[in-house]
Amino acid sequence: MRLRLSILGSTGSIGRQTLEVVDAHPDRFEVVALCARSNSDLLARQAARYRPRLVVLADPTERPEEWAPKVLTGPDGLLTAATLDEADIVVIALAGQAGVRPTLAAAAAGKCIALANKESVVCAGELLMRVASENGATIRPIDSEHSALWQLLELPHRREELDHVIITASGGPFRTAPLERLETVTPAEALAHPTWRMGPKVTVDSATLMNKGLEIIEAHWLFDLPFHLIDVLIPPQSIVHALVSFRDGCTIAHAAYPDMRVPIQYALLYPERPSGVVRPLDFAALGTLEFFPPDPLRFPALELARQVGLAGSTYPTVLSASDEVAVQAFLEGRIRFTEIVPLVQHVVELHRPLCGPLTLDAILEADQWARQVTEREIARRADRR
Ligand SMILES: NC(=O)c1ccc[n+]([C@@H]2O[C@H](COP(=O)([O-])OP(=O)(O)OC[C@H]3O[C@@H](n4cnc5c(N)ncnc54)[C@H](OP(=O)(O)O)[C@@H]3O)[C@@H](O)[C@H]2O)c1
């Protein structure tokens, strides 16, 4: 039996690499749904090649009528793809807030979810884990650090024997740049990631380390880990993705070449580990593996995200949404690189969380609020210049 995949965000970095994993094991997979926002050229080519039953274009520029037996347009089509009866695994490779509703819908439908979209865990972690557990859904992380943690925490141990876990960060392109140089870095420089090929938002987040801050919150929810047990280290080579330390003094590391097809394949074929996608790690050829603690002055996003994670409620949604707007403004040349994190912090400080248990409505409301306030603050700064 071939595993039937519904891929939300198939035209993005993770979506395209998911299809490369499919290409590497054509006898193992069938693609039953493909979804994108507006990249109709690529989506049409993917539909012609993989022949899914369903194609969704969330923000259509044309009506892709003849691409598949069923074609949906508009954001609600993503919910259909996320809950498709025919899908064995739903891959959520959407970027940003757009992933929250489809991930919650897949969880409510009891699906097996291969989850790359970190915003759905960051913003809705409390709700998502509850809905998933109530409906028998499983979440297999695709983010490389969380895939590594998943594999390490599956090793036999008692929870009380766990001392702490470490997720790693490459440090991005400005890890050693003089601090004053950060004032003038351009979007092109921020997008030139030294080790990973990723979409623009997550690449800029890797340069500020906001990405790692969001991943601390993600690790907290996915593995039920208290925040004080989650540390971050920078190994610039991006070979070690996570480490788990036990009370007996042993630390176990997960290592692989930095290639997202490794965690994607693991999430799709768990617990199998077939060859064919990435060459085995050659330790002898690696040379030095270094580890540095992140400099809090250079990377204030880490502590901000940790505090936001601890505060919970709608704060993580505000952090995530405000960062999305700020990163876009930086990419459009409207704010400087060094303004991203202080701007997001300011918006977080202005936020008053909604009372009561976390709901989807509360998340969507906080998201809208954060986007409007961040845009307003960007406009104010522009007026002052
Ligand atoms: N890339 C990585 O290596 C990596 C690693 C770890 C985690 N992640 C996480 O994985 C997620 C995806 O990242 P990415 O780098 O693959 O992003 P990306 O390259 O920007 O791709 C995003 C995908 O989502 C679609 N999309 C975006 N907004 C949408 C909307 N409103 N409605 C419907 N579709 C929408 C895009 O469609 P269009 O092409 O039509 O715009 C595209 O297919 C993010 O949460 C990221 O943090 C990524």
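My numbering puts the sequence shown at residues 271 to 655.
C-beta: ideal position from N, C-alpha, C; glycine also.
Between residue i and ligand 1, is there a pair consisting of the residue's CB and a ligand heavy atom that are separated by less than 7 Å?
i    : result
W466 : yes
C393 : no
V472 : yes
E290 : no
I487 : no
A439 : no
G285 : yes
G469 : yes
T587 : no
L349 : no
T281 : yes
L364 : yes
M530 : yes
N309 : yes
D329 : yes
A526 : no
K388 : yes
S414 : yes
A306 : yes
A368 : yes
From this set, the options, which residue's C-alpha is nearest residue i's C-alpha?
i    : options                : result
A575 : V392, L556, G282       : V392
A447 : T478, T473, E430       : T478
D433 : G380, L513, V291       : L513
P411 : L385, E453, M399, E404 : L385
E450 : E609, Q638, D631, G344 : E609
T438 : L312, L503, G626       : L503
G678 : P506, T644, L484       : The structure shown does not extend to residue 678, since the chain is modelled only from 271 to 655, so the question has no answer here.
D501 : K388, K482, A460       : K482
E332 : E602, P570, L313       : L313
L551 : H524, P470, P566, K381 : H524
H621 : R321, T584, A649, E594 : T584
F444 : A462, E431, H427       : A462
Q598 : A460, I534, L422, V618 : A460
F553 : V547, A526, R531, V292 : A526
M468 : R286, A652, P322, S276 : R286
A228 : L348, F569, S403, H490 : Residue numbering for the chain in the displayed model covers 271 to 655; residue 228 lies beyond these limits and cannot be assessed.
P544 : A294, G366, V301       : A294
N387 : V292, V588, P322, R371 : R371
R650 : G626, I633, H616       : H616
S417 : L538, T281, T629, P623 : L538
R429 : S515, Q642, S390       : S515
V474 : A489, A458, E389, I486 : A458
R319 : N309, V301, G546, E335 : V301
E453 : Q642, C520, R321, P612 : P612
G519 : S592, V532, V435, H490 : V435
S310 : L580, P322, L327, R323 : L327
T465 : M530, S280, E431, C305 : M530
R549 : E431, P528, I605, G344 : P528
Q638 : L628, S592, E602       : S592
I409 : K471, M271, Q642, I383 : I383
D297 : H498, R517, T373, M271 : M271
R654 : H427, P496, R604, F600 : R604
E619 : C305, P566, S280, V588 : V588
Using DSSP's beta-bridge definition, name the partner residues of residue i.
i    : result
F299 : L273
L324 : A303, K340
F562 : I504
I522 : V514
V360 : S276, I383
I409 : I383
T438 : L503
L432 : F516
Just to confirm before moving on: does the CB-CB distance between residue i and residue j stay below 8 Å?
i    : j    : result
A317 : A338 : yes
P492 : V361 : Note that residue 492 is Leu in the sequence shown here, rather than Pro. For L492 and V361, no; Cβs fall outside 8 Å.
L289 : D358 : no
A375 : S276 : no
V614 : E645 : no
D329 : R307 : yes
P506 : S440 : yes
K381 : A365 : no
A486 : V291 : A small fix is needed here, since residue 486 is Ile in this sequence, not Ala. Not in contact: I486 and V291 (Cβ atoms no closer than 8 Å).
L572 : P563 : no
A394 : I648 : no
V578 : P586 : yes
A379 : A402 : no
V547 : V532 : yes
Quick one: does the C-beta of residue i sit closer than 7 Å to a heavy atom of ligand 3?
i    : result
P345 : Only ligand 1 can be found as ligands here, which leaves ligand 3 out of the picture.
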